[in-house]
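Heads up: the sequence lines are chains W and B, in that order. Under our numbering, the first sequence has 72 at position 72, and the numbering climbs by one with no breaks. Under our numbering, the second sequence has 233 at position 59, and the numbering climbs by one with no breaks. We treat Cβ as the ideally placed atom computed from N, Cα and C, and that holds for glycine. Let me begin by presenting the structure, written as structure tokens, before commenting on it.
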Amino acid sequence: MVNPVIAILAAIVAVLSVCMIFVRSPVSSAFSLVGLMVALGGIYAMIGAHFVAVLQIIVYAGAVMVLFVFSIMLLNMNEETGEIDYTSWKTYAALGVSLGLAGLFAVAFFNWSQETGLPAQGVYTLARIKEIGGNAEVLSALLFSQAYIQFELISLLILVAIVSALVLAKRKVD
Amino acid sequence: MDTGILLHCLSAWLLCMGLLAVTLRRNTLVMLMGIELMLNGVNLSFVTFSRELAQINGQLQVFFIITIAAVESAVGLSILVNVYRNFGSIKTDRTNTLRG
Numbered sequence: 001m002v003n004p005v006i007a008i009l010a011a012i013v014a015v016l017s018v019c020m021i022f023v024r025s026p027v028s029s030a031f032s033l034v035g036l037m038v039a040l041g042g043i044y045a046m047i048g049a050h051f052v053a054v055l056q057i058i059v060y061a062g063a064v065m066v067l068f069v070f071s072i073m074l075l076n077m078n079e080e081t082g083e084i085d086y087t088s089w090k091t092y093a094a095l096g097v098s099l100g101l102a103g104l105f106a107v108a109f110f111n112w113s114q115e116t117g118l119p120a121q122g123v124y125t126l127a128r129i130k131e132i133g134g135n136a137e138v139l140s141a142l143l144f145s146q147a148y149i150q151f152e153l154i155s156l157l158i159l160v161a162i163v164s165a166l167v168l169a170k171r172k173v174d
Numbered sequence: 175m176d177t178g179i180l181l182h183c184l185s186a187w188l189l190c191m192g193l194l195a196v197t198l199r200r201n202t203l204v205m206l207m208g209i210e211l212m213l214n215g216v217n218l219s220f221v222t223f224s225r226e227l228a229q230i231n232g233q234l235q236v237f238f239i240i241t242i243a244a245v246e247s248a249v250g251l252s253i254l255v256n257v258y259r260n261f262g263s264i265k266t267d268r269t270n271t272l273r274g
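Structure, rendered in structure tokens:
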């Protein structure tokens, strides 16, 4: 049975994702995306991924969305709504393709859990994680033992991104 | 209906709504938001699989995806500001210099 809190949060996420596409102004889109990310962080916290939940709130709902809202302010888009062209057949083709894809994915996940059953389980059940000392402890132990090369590569990627953002922010590149 | 199925369907829904935002909207900013939405759908799928299979590696992957998404949106938005400076608009049908 589904926990009612998870069901309510999932309904909020589904409704806000539709709102994000079909509202007219980009500011409303950005704020529905903020609400969606906070609700998604709630879902992560409910299913025991506490570190990912905190990261979702801080990085996504905090940093990334502030960046989006800030650039909306910077670009001053009053008449730039970019509304959907309901007369074109391409709109309905895109609607059909993405809704069909969603249905296909749902059927695939349902069949996966019904027919083939779950594959071999790992060791990190919720009880085991609680015994070790919590989600963040398990995750950080793994991060600095198994995945430390990827961690260092990510820091290199962030450095490259800082340099490229600086180059792009210059008015004239010569 | 259990929690895993609900969250898997929600992640598929988020991915497809992100796809719809990228294909339907003419505003580049909302298209970038659609990309973020797709990444969120994938993250939810990773965390749900990690919970169902009792493994922690999925959440590690989500850590990396969130970092890369932040980097991607920073670079993408600075490109967007440059597009606005050069064309005076960020609608996709105004940036048609390379169209044949």
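For the pair Thr-202/B and Thr-87/W, the Cα-to-Cα distance works out to about 21 angstroms. When the beta-carbon positions are compared, Met-37/W and Met-65/W come within less than 8 angstroms of each other. Counting C-beta pairs closer than 8 angstroms gives fewer than three between the segment 189 to 202 of chain B and the segment 152 to 167 of chain W, which falls short of the contact rule. Taking 8 angstroms as the Cβ-Cβ cut-off, the segment 3 to 22 of chain W approaches chain B at Asn-3, Ile-6, Ala-7, Ala-10, Val-13, Ala-14, Ser-17, Val-18, Met-20 and Ile-21, given in chain order.
Contact between Asn-3/W and Thr-177/B holds: their C-beta atoms lie close to 7 angstroms from each other, under 8 angstroms.
Exclusion of the five residues before and after Leu-254/B leaves Thr-202, Leu-203, Leu-206 and Ile-264 as the residues of its chain whose Cβ lies within less than 8 angstroms of its Cβ. Looking at the DSSP output, Lys-265/B shares a beta bridge with Asn-201/B.
Judged by DSSP in its simplified three-state form, Gly-192/B adopts helix. Taking the CA atoms as reference points, Glu-137/W sits about 14 angstroms from Ala-127/W.
Residue Leu-33/W holds the alpha-carbon nearest to the alpha-carbon of Ile-12/W among Leu-33/W, Val-23/W, Val-97/W and Val-107/W.
Excluding residues up to 5 positions away in sequence, Leu-188, Met-191, Gly-192 and Ala-195 lie with their Cβ nearer than 7 angstroms to the Cβ of Leu-211/B in the same chain. Scanning its chain for C-beta atoms nearer than 8 angstroms, with the 5 sequence neighbours on each side dropped, one finds around Met-46/W the residues Asn-3, Val-5, Ile-6 and Leu-9, in chain order.
For Ser-164/W, the neighbours in chain B by C-beta distance under 7 angstroms run, in chain order, Val-249. For Ile-57/W, same chain residues with a beta-carbon under 7 angstroms away, outside a window of 5 residues either side, are Val-38 and Gly-41 in chain order. Using a CB distance cut-off of 8 angstroms, Gly-178/B counts as an interface residue toward chain W.
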